[in-house]
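Undergrad: To convert, note that position 163 of the sequence shown is 163 in UniProt numbering; the numbers rise steadily by one, no gaps.
Ideal Cβ positions, reconstructed from N, Cα and C, are used throughout, including at glycine.
Here the structure is a predicted model, which means the values were calculated and not measured.
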Amino acid sequence: MRLKIAVLAGDGIGPEVTREATNVLRAVAELGGHDFTFVDGLIGGIAITETGSPLPTATLDAALDSDAVLLGAVGDNKFNSLTPDKRPEAGLLQIRQALGGFANLRPSIAYKALSASSPLRPEVTENVDILFVRELLGGLYFGTPRSWNKETNEAVNTMRYTRDEVVRVARVAFELAGKRRKKVTSVDKANVLEVSQLWRATVTEVAKDYPDVTLEHQLVDSMAMHIMNIPRNFDVVLTENLFGDILSDEAGVITGSLGMLPSATIGGAVNLYEPVHGSAPDIAGTGKANPLGAILTAAMILRYSANLEQDARAIEQAVHRVLDAGYRTADIARGHMSGQQTVTTQEMGKRVHQALAESI
Ligand code: NAD
Ligand code: IPM
Ligand code: MN
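1) Which residues does DSSP list as the beta-bridge partners of Gly10?
2) Going by DSSP in three states, Lys350 sits in which element: helix, strand or coil?
3) Does Arg163 pass the burial test, meaning 16 or more other C-beta atoms within 10 Å, or should it be called exposed?
4) At a cut-off of 6 Å, would you count Leu89 as near ligand 2, judging by its Cβ distance to the nearest heavy atom?
5) So for Gln310, helix, strand or coil by DSSP?
6) Using a threshold of 6 Å, is the CB atom of Leu92 nearer than that to any non-hydrogen atom of ligand 2?
7) Out of Glu347, Thr345, Glu358, which one is the CA nearest neighbour of Gln317?
8) If we count the other Cβ atoms within 10 Å of its Cβ and call it buried at 16 or more, is Asn271 buried or exposed?
9) Measuring only from the beta carbon, is Ala73 closer than 6 Å to any heavy atom that is part of ligand 1?
10) Please find out if some non-hydrogen atom of ligand 2 comes closer than 6 Å to the beta-carbon of Asp245.
11) My guess is that Ser66 and Val39 are in contact by the Cβ rule of under 8 Å, so how many angstroms apart are they, rounded?
12) How far does the beta strand (DSSP E) with Arg106 in it extend, from its first residue to its last?
13) Within the present structure, is the beta-carbon of Leu258 separated from the nearest heavy atom of ligand 1 by less than 6 Å?
14) Tell me the rounded alpha-carbon separation between Lys86 and Ile315.
15) Does Gln197 come out as helix, strand or coil in the three-state DSSP assignment?
16) Could you spell out where the alpha helix (DSSP H) holding Phe243 opens and where it closes?
17) Looking at C-beta atoms only, is the number of pairs between the stretch 319-331 and the stretch 290-304 that lie closer than 8 Å three or more?
18) Just confirm the distance between the C-beta atoms of Gly91 and Val74, as a whole number of angstroms; I'd bet it's less than 8 Å.
19) Over the uninterrupted alpha helix (DSSP H) stretch that includes Thr125, give me the two end residues.
20) Kindly identify the DSSP beta-bridge partner or partners of Asn271.
21) Which value, in whole angstroms, describes the spacing of the CA atoms of residue 420 and Leu70?
22) From the DSSP output, which residues share a beta bridge with Leu238?
23) Under DSSP, the alpha helix (DSSP H) around Gln97 begins and ends at which residues?
24) Going by Cα to Cα distance, which pick from Asn80, Pro262, Thr342 is closest to Gly72?
25) So residue 361 packs on Ala190, CB below 8 Å; how close in whole Å?
26) Let's see if you can read the secondary structure: which residues bound the beta strand (DSSP E) around Phe36?
27) Provide the residue span of the beta strand (DSSP E) that contains Ala264, from first to last.
28) Do Ser108 and Thr239 have their beta-carbon atoms positioned less than 7 Å apart in this structure?
29) Should Ala284 be listed as close to ligand 1, given that the test is whether its C-beta is under 6 Å from any heavy atom?
30) Taking 7 Å as the CB-CB limit, is Asp65 close to chain B?
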């Protein structure tokens with residue numbers, strides 16, 4: 001199997017975790033006889049510093065010319081005073097739009113070995129397996145008009161969705177639910193927002209094509225509570241862009257750390273793969289970053305861009321085994337249990353690599 005992967009490591013811990021993810025992919029290629037090539041590109045703050053743009057044309061061209069894009073993270077506090085269109089994050093939003101993927105899949109799984117890493121009680125997190133399907137190209141992130149008028153002290157963002165945008169992402173959610181526990185929970189704020197009323201009406205209509213899948217609607221505020229209270233009740237959770245951004249970070253609490261969460265964005269010209277977390281400037285350069293979110297993101301590349309389900313599972317199982325063996329980066333080392341060893345980003349990556357070699 002040949003696969004050309006554009007690697008956009010970005011800022012902060014982005015390069016640190018991406019390195020471990022590509023190392024794991026190299027190991028899979030070697031063990032499975034695949035031919036994976038990696039093409040590096042600049043994005044985010046580092047791209048602004050080196051080229052003046054958060055998404056240089058060369059990066060976009062390389063991404064569009066690849067089979068999959070692996071992105072680390074963007075964001076650097078030194079750009080905090082810039083307007084949104086000039087910041088590192090603009091590069092991420094531009095590449096999402098250019099690649100065209102509208103369905104951002106964010107699994108949140110409770111690992112048995114990490115039950116002490118979550119502040120939630122083990123009986124609450126046990127067997128939790130949620131898949132967020134977050135709409136990624138609409139809503140407040142891209143709606144116009146948008147502005148900040150410094151004279152009148154008025155700022156505007158627009159939450160906008162068309163029916164077609166809701167239909168296409170809802171179909172992804174129902175298709176995936178059909179292969180899982182057959183339940184879709186659609187999240188909105190239909191008690192206040194017209195956009196959410198359109199969302200709810202459209203999702204309800206799409207549901208008719210999937211009679212074996214149960215649909216429920218939840219308002220976003222109480223959903224934030226339900227997810228912590230009874231996370232086991234949820235299978236596929238379908239959200240608009242900003243609600244999904246917020247709820248998926250919240251769901252990091254179920255796993256034990258935001259650093260554990262992977263994502264894949266499908267439906268466009270080239271799929272985009274990124275861990276859910278950001279550039280984590282508070283721990284960048286310390287070797288404390290958890291690379292497992294990025295490594296699990298690499299598994300999603302194999303699943304969704306290469307149809308290498310076996311290899312994707314091999315990576316996921318290797319992660320399970322490393323956790324079962326007690327290896328922890330600082331973020332999941334909570335609990336100080338005996339039999340655990342706190343390791344650096346690099347050591348964690350190496351452990352997964354080794355576990356993979358033993359099983360593939
Ligand atoms: P963040 O996700 O970077 O960090 C939140 C907290 O989680 C921090 O305490 C951090 O140390 C911890 N954390 C995150 N990833 C971790 C990992 N892999 N291992 C261990 N701990 C981890 O969010 P933030 O601090 O709100 O944002 C920092 C910057 O990242 C901002 O500029 C933001 O815009 C950007 N950001 C980028 C992306 C992306 O590129 N996809 C996503 C989210 C935030
Ligand atoms: C994410 C991030 C991004 C988002 C930011 C950095 C633009 O928080 O990927 O979750 O809000 O989508
Ligand atoms: Mn986010």
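TA: Quick look at the numbers:
1) Paired residue(s): Ala73.
2) If DSSP states are grouped into helix, strand and coil, Lys350 belongs with the helices.
3) Classification of Arg163: exposed, given that the 10 Å Cβ count is below 16.
4) The question names Leu, yet the displayed sequence has Glu at residue 89. Glu89 Cβ: within cutoff of ligand 2.
5) In the structure shown, Gln310 sits in a helix (DSSP, three-state: H, G or I).
6) Yes, ligand 2 has a heavy atom inside 6 Å of this Cβ.
7) Checked all of Glu347, Thr345, Glu358; the closest Cα to Gln317 is Glu358.
8) Label assigned to Asn271: buried.
9) Checking the Cβ of Ala73 against ligand 1 gives yes.
10) Yes; taking the cut-off as 6 Å, the Cβ of Asp245 has a heavy atom of ligand 2 nearer than that.
11) For a cut-off of 8 Å, the C-beta gap from Ser66 to Val39 is around 6 Å, short enough to register as a contact.
12) Note, Arg106: beta strand (DSSP E), 103-109.
13) Relative to ligand 1, the nearest heavy atom lies less than 6 Å away from the CB of Leu258.
14) Whole-angstrom Cα-Cα distance: 37 Å.
15) Of the three classes helix, strand and coil, the one that applies to Gln197 here is helix, per DSSP.
16) Under the DSSP assignment, Phe243 falls in the alpha helix (DSSP H) whose first and last residues are 241-250.
17) Of all C-beta pairs linking the stretch 319-331 to the stretch 290-304, three or more are shorter than 8 Å, placing the two stretches in contact.
18) About 6 Å separates the CB atoms of Gly91 and Val74; that is less than 8 Å, so the two are in contact.
19) DSSP places Thr125 inside the alpha helix (DSSP H), whose first and last residues are 122-125.
20) Beta bridge pairing from DSSP links Asn271 with Ala68.
21) Because the chain here runs from 1 to 360, residue 420 falls outside it and cannot be looked at.
22) As computed with DSSP, Leu238 is found in a beta bridge with Val133, Ser186.
23) Start and end: 88-99.
24) For the residues Asn80, Pro262, Thr342, the minimum Cα distance to Gly72 belongs to Pro262.
25) With the chain covering 1 to 360 only, the question about residue 361 has no answer from this structure.
26) Start and end: 35-40.
27) It spans 264-266 - the beta strand (DSSP E) in which Ala264 sits, taken as one unbroken run.
28) The Cβ-Cβ distance between Thr239 and Ser108 does not fall below 7 Å.
29) Not one heavy atom of ligand 1 lies closer than 6 Å to the C-beta of Ala284.
30) The structure shown contains no chain B; it holds only a single protein chain.
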